[in-house]
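Q:
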Amino acid sequence: MGDTRVSGAERAATAAFANAVIGRIVGEIEKKYKIWRGLPRQSEELIRCLNTLALGMDDELVKCGGTPRTAVARAYGQEMRALTHDIEDCLERFLHRVTSKDGSSRFHVMAHNLNSVPRCFRFAAEIRALKRRLQSAGNRVFNPPGNSQVSSTPIVPRLAAGAFTDCPVGIEKATKDLCALLEQPNRVILIAVVGFGGSGKTTIARAVYNSVSSDTFSCRVWVSVGFLEKSDHVGILTDIHEQLQPGQPFSLPALKECLRLQKKRYLIVIDGIKDKHMQDWDIIRSIFKGSGGVLLTTTSHSVANNCTTYSTKEMGLSHSERPFGYVYTMKALSIEDSQKVSLPWRCSPELLQGSGSLLAKCDGHPLALSCVANHLSCQDEPTGKFCMELCRDLGSYLAWDGTDEPNFSRLRGVLFDSFTSLPDHFIRTCFLYLGIFPVDHVLKRNVIIRRWCAEGYTRSDPEVSEKTVADRYFKILVERNVIQPATPNSGPLVKMCRIHGIVHAFILHKSVSEKFITMFDAESHGAVRHLVVCHGNTTDSGTTSKLDLTRARSLTVFGNGGAAISDFSKYKLIRVLDLEACNDLHDDHLKDICKLWNLRYLSLGPGISAIPKEIAKLKLLETLDISKTTANVLPWVVIGLRSLVHLIGRFTLHVPVGNDREKLNKYLARSKLETLSGFTADGSHGLLQLMPDMKTLNKVKIWISYDGDGLDLNNQIARVIPGYLEQPILEGNTRSLSLDFQAVPEGSLYALRELYNSCLHSGKSIHLSLLKLRGSFSVLPEFVPVLKGLSQLCLSPSSVTQGLI
Numbered sequence: 001m002g003d004t005r006v007s008g009a010e011r012a013a014t015a016a017f018a019n020a021v022i023g024r025i026v027g028e029i030e031k032k033y034k035i036w037r038g039l040p041r042q043s044e045e046l047i048r049c050l051n052t053l054a055l056g057m058d059d060e061l062v063k064c065g066g067t068p069r070t071a072v073a074r075a076y077g078q079e080m081r082a083l084t085h086d087i088e089d090c091l092e093r094f095l096h097r098v099t100s101k102d103g104s105s106r107f108h109v110m111a112h113n114l115n116s117v118p119r120c121f122r123f124a125a126e127i128r129a130l131k132r133r134l135q136s137a138g139n140r141v142f143n144p145p146g147n148s149q150v151s152s153t154p155i156v157p158r159l160a161a162g163a164f165t166d167c168p169v170g171i172e173k174a175t176k177d178l179c180a181l182l183e184q185p186n187r188v189i190l191i192a193v194v195g196f197g198g199s200g201k202t203t204i205a206r207a208v209y210n211s212v213s214s215d216t217f218s219c220r221v222w223v224s225v226g227f228l229e230k231s232d233h234v235g236i237l238t239d240i241h242e243q244l245q246p247g248q249p250f251s252l253p254a255l256k257e258c259l260r261l262q263k264k265r266y267l268i269v270i271d272g273i274k275d276k277h278m279q280d281w282d283i284i285r286s287i288f289k290g291s292g293g294v295l296l297t298t299t300s301h302s303v304a305n306n307c308t309t310y311s312t313k314e315m316g317l318s319h320s321e322r323p324f325g326y327v328y329t330m331k332a333l334s335i336e337d338s339q340k341v342s343l344p345w346r347c348s349p350e351l352l353q354g355s356g357s358l359l360a361k362c363d364g365h366p367l368a369l370s371c372v373a374n375h376l377s378c379q380d381e382p383t384g385k386f387c388m389e390l391c392r393d394l395g396s397y398l399a400w401d402g403t404d405e406p407n408f409s410r411l412r413g414v415l416f417d418s419f420t421s422l423p424d425h426f427i428r429t430c431f432l433y434l435g436i437f438p439v440d441h442v443l444k445r446n447v448i449i450r451r452w453c454a455e456g457y458t459r460s461d462p463e464v465s466e467k468t469v470a471d472r473y474f475k476i477l478v479e480r481n482v483i484q485p486a487t488p489n490s491g492p493l494v495k496m497c498r499i500h501g502i503v504h505a506f507i508l509h510k511s512v513s514e515k516f517i518t519m520f521d522a523e524s525h526g527a528v529r530h531l532v533v534c535h536g537n538t539t540d541s542g543t544t545s546k547l548d549l550t551r552a553r554s555l556t557v558f559g560n561g562g563a564a565i566s567d568f569s570k571y572k573l574i575r576v577l578d579l580e581a582c583n584d585l586h587d588d589h590l591k592d593i594c595k596l597w598n599l600r601y602l603s604l605g606p607g608i609s610a611i612p613k614e615i616a617k618l619k620l621l622e623t624l625d626i627s628k629t630t631a632n633v634l635p636w637v638v639i640g641l642r643s644l645v646h647l648i649g650r651f652t653l654h655v656p657v658g659n660d661r662e663k664l665n666k667y668l669a670r671s672k673l674e675t676l677s678g679f680t681a682d683g684s685h686g687l688l689q690l691m692p693d694m695k696t697l698n699k700v701k702i703w704i705s706y707d708g709d710g711l712d713l714n715n716q717i718a719r720v721i722p723g724y725l726e727q728p729i730l731e732g733n734t735r736s737l738s739l740d741f742q743a744v745p746e747g748s749l750y751a752l753r754e755l756y757n758s759c760l761h762s763g764k765s766i767h768l769s770l771l772k773l774r775g776s777f778s779v780l781p782e783f784v785p786v787l788k789g790l791s792q793l794c795l796s797p798s799s800v801t802q803g804l805i
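1 is the number of the first residue of the sequence shown in the working numbering; add one for each residue after it.
Here's what the structure looks like:
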């Protein structure tokens with residue numbers, strides 16, 4: 001009986017112990033489950049905190065104005081960038097490892113989730129550690145110690161009016177032309193001079209100011225906006241009034257009446273108009289009465305255009321009463337003029353030869369050339385060797401990194417002002433990203449935008465698509481002359497651009513010094529974010545051992561890739577592979593490239609002859625560019641890439657049958673493909689037959705190949721093209737169609753004639769923004785007038801006839 005009581009007590013004690021243990025285990029499981037379920041929320045919170053901290057660093061950078069940041073402030077900036085990269089890497093690894101494969105069964109999804117539990121706990125620990133680092137960095141940024149404060153009083157980098165009036169070079173013709181425009185009688189002339197900082201806008205404005213005839217202009221007024229105590233519209237108008245009527249109290253009506261009653265023409269120069277003045281520009285513009293000339297200088301094309309365009313109040317005036325607007329864009333100095341500015345003394349052949357690369361880097365920029373002249377004048381006898389050394393080190397003279405060479409202080413201030421005046425740190429990051437490309441490299445707008453999106457640098461606005469944000473960033477950089485059109489522009493968009501030599505030197509040095517970009521050479525070491533291999537870089541195998549490539553986000557190769565492309569498995573988190581200019585890339589490399597799960601952008605070079613079906617593993621790939629390869633057939637699985645948006649090249653694709661065709665149909669239903677540029681239509685079962693199922697296309701290029709049955713091919717095209725063109729265009733998008741039918745006879749436009757006839761009978765609307773035709777046609781195709789929304793028409797006929805003209 002006693003044994004029974006004992007065993008009962010033992011059982012009760014055992015049960016109580018078991019319940020306590022199980023309770024603790026259940027408690028731990030619930031706690032860890034909460035951690036696991038809370039990871040997405042913690043991730044979002046981490047990103048929000050990071051953005052707030054980035055904005056705080058952004059404010060500190062702007063607050064610096066034209067002053068050098070302290071070593072502590074620079075260290076904060078580098079820490080911020082490193083922290084940003086660590087958070088991005090942590091989140092991407094987490095999302096990749098806990099996401100199950102598409103099409104997995106319920107059992108496999110459950111098993112995957114179970115296996116992901118240990119990973120979730122590890123990432124939860126990483127996120128907590130990152131949050132602690134983020135909080136610590138935030139405390140230092142928003143509550144910096146006294147010795148890390150930077151001056152809150154910005155140094156205005158803009159030079160005083162007339163700073164370059166000592167023997168100005170290369171502006172004689174422009175000065176004469178602008179003076180002639182301003183002297184037109186009986187109306188107001190509005191001229192905006194636009195150009196990058198230091199390009200000579202103030203110099204040419206001062207030259208015009210000094211050159212106009214006093215017999216023609218009764219009074220002249222010069223306003224330097226950057227030096228006004230109050231630089232808003234009130235400050236500008238008050239300064240004009242003070243120069244016209246000294247000592248008289250300011251009033252807007254009195255100023256208008258004063259200008260209207262001038263016996264002769266008046267000239268007003270406003271130097272340094274900016275974006276912030278546009279909201280009150282109509283008030284400033286309202287004083288321009290009677291007959292006079294107004295000359296403005298600005299760094300923004302949009303400001304120049306707004307200032308010289310008719311206002312709504314002026315639209316009802318007669319042509320002679322409306323102000324005449326004109327925008328003059330500053331031009332770079334020629335080589336001869338560049339030598340006059342930078343080498344004003346008699347030069348030896350050795351100096352002329354040695355200074356060639358230095359002058360090329362200055363790229364005709366007057367302020368840069370003036371600074372070079374000052375620096376060379378400090379030498380007893382400047383040599384070509386000294387010029388080459390200066391060219392090599394020029395970037396270090398342009399950044400606030402401890403060098404602070406006084407001869408380059410003005411240029412340094414202008415460049416720093418141009419950088420900090422960009423709207424936010426997101427666009428500044430995109431700007432620094434351009435340092436990846438060589439200075440003489442022509443930048444394609446679409447390539448830049450696609451790479452920015454692939455890198456994740458255009459996620460600044462959750463309400464707007466990344467492409468829209470990237471378009472806006474590119475437009476801002478063009479408008480502010482930070483990047484310049486490489487060719488005369490025939491449409492509203494700049495498609496090809498270049499970076500000014502001196503700007504490139506600035507951003508390249510800044511990017512490399514902050515370890516944002518790493519040049520692949522013998523001195524490279526440590527963690528890599530964006531790796532660049534240029535023609536002159538060393539690419540031996542010893543270099544890679546010094547580099548940590550596991551967290552590299554992009555690899556860009558110009559020339560031989562060498563050791564940088566010897567083992568792609570090292571690039572654990574790579575997003576962008578730009579290898580179209582890589583000379584030693586070949587088909588064997590694709591085996592490893594197809595394992596790069598995080599790849600978003602892939603462009604391949606001429607050494608690639610075939611695309612393997614293993615490319616289907618690149619689930620996150622957004623852009624595939626094979627236009628520089630010799631591959632002319634694509635595996636059908638490419639269409640199944642669920643994230644693919646842009647497919648570029650010249651290829652055919654054979655549509656599969658049976659089960660594979662069923663899979664392809666499922667892929668097409670979820671296709672995101674927008675750019676299909678382009679494929680060869682030869683009458684076989686290929687992409688032409690699949691186009692009707694691709695509902696998101698907005699850019700298509702087709703090479704039409706004649707295979708003996710042109711009528712059948714034309715019938716196919718006639719069935720497919722209307723479906724593409726009848727789809728409505730989403731707001732903000734454009735649609736383009738490019739047809740190249742050089743390989744087919746005169747009747748090759750049959751398909752589009754059928755489209756014309758169809759539109760006449762059905763009354764359906766055709767939505768097309770851009771049409772390109774290349775081939776044989778002797779008159780303007782009759783279907784063109786039916787394209788009501790067409791904004792660009794590009795015709796490339798085999799021969800130009802009178803009828804076509």
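Ideal Cβ placement from N, Cα and C applies to all residues, glycine included.
Might you give, ordered along the chain, the residues of its own chain that have their beta carbon closer than 7 angstroms to the beta carbon of residue 670, omitting 5 neighbours on each side?
A: 642
Q: Where does residue 28 fall in DSSP's three states?
A: For residue 28, the predicted model reports a pLDDT of 42, less than 50, meaning its position is unreliable; a value from the coordinates is still stated below. Helix, per DSSP.
Q: Is the region 567-585 touching the region 416-426 in the sense that three or more CB pairs, one from each, lie closer than 8 angstroms?
A: Contact between the region 416-426 and the region 567-585 is absent, because fewer than three Cβ pairs lie under 8 angstroms.
Q: Between residue 785 and the rest of its own chain, which residues show a CB-CB distance below 8 angstroms, the 5 nearest in sequence each way excluded?
A: none
Q: At what residues does the beta strand (DSSP E) containing residue 180 begin and finish?
A: Note, residue 180: premise wrong, no beta strand (DSSP E); alpha helix (DSSP H) at 172-182.
Q: Just confirm the distance between the C-beta atoms of residue 561 and residue 534, as a whole number of angstroms; I'd bet it's less than 8 angstroms.
A: Not confirmed; about 11 angstroms, so no contact.
Q: Would you list the one or two residues that DSSP bridges to residue 697?
A: DSSP output for residue 697 lists no bridge partner at all.
Q: Which of helix, strand or coil does DSSP assign to residue 86?
A: helix
Q: Can you tell me the Cα-Cα spacing of residue 738 and residue 577, whole angstroms?
A: 27 angstroms
Q: Given that a residue counts as buried once 16 or more other Cβ atoms are within 10 Å of its Cβ, and exposed if not, what is residue 457?
A: buried
Q: Just to confirm, are residue 302 and residue 285 a CB contact at a threshold of 8 angstroms?
A: In this structure, residue 285 does not lie closer than 8 angstroms to residue 302 by Cβ.
Q: Looking at C-alpha atoms only, which residue of 624, 618, 600, 211 is the closest neighbour of residue 172?
A: 211
Q: Going by beta-carbon coordinates alone, are residue 525 and residue 517 separated by less than 8 angstroms?
A: No.
Q: Compute the distance between the beta-carbons of residue 295 and residue 439, then report whether it is under 8 angstroms.
A: no
Q: Which one of 511, 587, 484 has the shortest CA to CA distance from residue 499?
A: 484
Q: Could you give the DSSP three-state label for residue 703: helix, strand or coil?
A: strand
Q: Return the first residue and the last residue of the alpha helix (DSSP H) that residue 278 is part of.
A: Counting along the chain, residue 278 falls outside any alpha helix (DSSP H), and DSSP gives it neither H nor E.
Q: Can at least three beta-carbon pairs, one atom from the region 333-353 and one from the region 229-240, be found at a separation below 8 angstroms?
A: no
Q: Mind checking residue 481: buried by the 16 CB within 10 Å criterion, or exposed?
A: buried
Q: Is it buried or exposed for residue 378, if we count other Cβ within 10 angstroms and need 16 for buried?
A: exposed
Q: Please check the pair residue 674 and residue 697, which I expect to be a contact at CB under 8 angstroms, by giving their CB distance rounded to whole angstroms.
A: 6 angstroms
Q: Give every residue of the same chain whose Cβ lies closer than 8 angstroms to the Cβ of residue 496, excluding the five residues on either side of it in the sequence, and list them in chain order.
A: Taking residue 496 as the centre and dropping the five residues before and after it, the same chain places the C-beta of 442, 443, 444, 445, 485, 486, 487 closer than 8 angstroms to its C-beta, in chain order.
Q: Closest to residue 417 by CA distance: which of 692, 330, 305, 506 is it?
A: 506
Q: Taking C-beta to C-beta, are residue 606 and residue 623 nearer than 8 angstroms?
A: no
Q: Would you kindly work out how many angstroms separate the C-alpha atoms of residue 555 and residue 426, rounded to a whole number?
A: Rounded to the nearest whole angstrom, the C-alpha separation of residue 555 and residue 426 is 21 angstroms.
Q: Kindly list the residues whose CB is nearer than 6 angstroms to the CB of residue 33, restricted to its own chain and excluding five residues on each side of it in sequence; keep chain order.
A: A caution first: residue 33 carries a pLDDT of 44, below 50, which makes its placement in the model unreliable, though a value can still be read off. Here the set comprises nothing.
Q: Pull up the distance between the alpha-carbon of residue 436 and that of residue 241, whole angstroms please.
A: 49 angstroms
Q: From the DSSP output, read off the bridge partner residues of residue 213.
A: Residue 213 pairs with nothing; no bridge assigned.
Q: Tell whether a beta-carbon distance below 8 angstroms holds between residue 511 and residue 432.
A: yes
Q: In the DSSP output, which residue or residues are listed as bridge partners for residue 578?
A: 556, 603
Q: Following the continuous alpha helix (DSSP H) through residue 370, name the residue where it begins and the one where it ends.
A: For residue 370, the enclosing alpha helix (DSSP H) covers residues 366-377.
Q: Which residues share a DSSP beta bridge with residue 226?
A: Paired residues: none, contrary to the question.
Q: With residue 497 as the anchor, note down where its beta strand (DSSP E) starts and where it stops.
A: 496-499
Q: Quick one: what's residue 774 bridged to in DSSP?
A: 740, 796
Q: Straight-line CA distance for residue 728 to residue 676?
A: 18 angstroms
Q: Considering only residues of the same chain and omitting the five flanking positions on each side of residue 246, which have a CB-CB separation below 8 angstroms?
A: none
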